[in-house]
Amino acid sequence: MKKLALALLALAAVACTNTKQENNEQQNINPQNETTMEQKINDVAGRVNFGAKQALVTTPQPCVMIATWDKDHNPDVMMAAWAAQLDYNQIVISLSKHKTTDNLEQTGAFTVSFADERNVAESDYFGLVSGNQVPDKVARVGFSVTPSPNVDAPIINEYPLTLECKVVSFEDGMLIGEVVNQSADESILTNGKVDLTKLKPIVFDAAAVCYRALGDSVGQAWGSGKKFQ
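The following block contains the structure:
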């Protein structure tokens, strides 16, 4: 399961096209990888064929907000799109070189939150601006932080759902974190569980280069398919 998740993220990292400026804190491809994808492909009949370079591999993607402390104990947040659940209590994120990765080496910890409809502009700003150039970017958007009581990382108060994580490993651009605690504001709970209709998370549409809201429930997991049994 872990190998499959890592393989999918590695494939996404090769195929996704960076549309932000050079100092963008969102993920960007390594230009050296482009040559590996320039191979002859056979078109699938009856369909439009894009090859491997279109940024569609795993779209839509979650808008994951990674928060860390820098060396001066300033909170830093970046947006990442290439993230997935690796195990029951583990998360994997594909990261290139950022201030965040420098912070991770110092603290060995981070928190993960999820951009939602209430904070689209703020979350996008965290992906546009590097903490190396704007060390107070969290305060600039009017956000506040609370130190995590479980890991050496900040919790961004304006994101109602947060995962507190310890770094398990960070090799070849793949960050694996162990989730030691999840906390949620009561405003996004229904019957004691996180309710996505209340959280209203957004996703990144790599094809249209935009953020989209999640839609309505269309079926029951481990239930809708029973009609074929």
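Per our numbering, the very first residue in the sequence shown carries number 90; after that it's consecutive. C-beta: ideal position from N, C-alpha, C; glycine also.
The closest CA to that of G231, considering only D241, I245 and S237, is found on I245. Taken in chain order, the whole beta strand (DSSP E) runs of length 3 or more contained in the stretch 150-234 are 153-158, 164-169, 172-176, 179-183 and 198-203.
Taking a C-beta distance under 9 Å as the contact criterion, I180 and G262 do not qualify as a contact pair. Under the DSSP assignment, L303 falls outside any alpha helix (DSSP H); it carries neither an H nor an E label. Three or more beta-carbon pairs drawn from the stretch 232-240 and the stretch 248-256 are found closer than 8 Å, and the two stretches are therefore classed as touching. Of A228, V292, G304 and E275, the smallest CA-CA separation from M168 is found for V292. For P224 and E206, the gap between their C-alpha atoms comes out near 25 Å. When C-beta atoms of the stretch 187-200 are compared with those of the stretch 170-179, fewer than three pairs fall below 8 Å, so the two segments do not count as touching. For T286, the enclosing alpha helix (DSSP H) starts and ends at L285 to L288.
The beta-carbon separation of V209 and P164, rounded to 20 Å, does not stay under the 8 Å limit for a contact.
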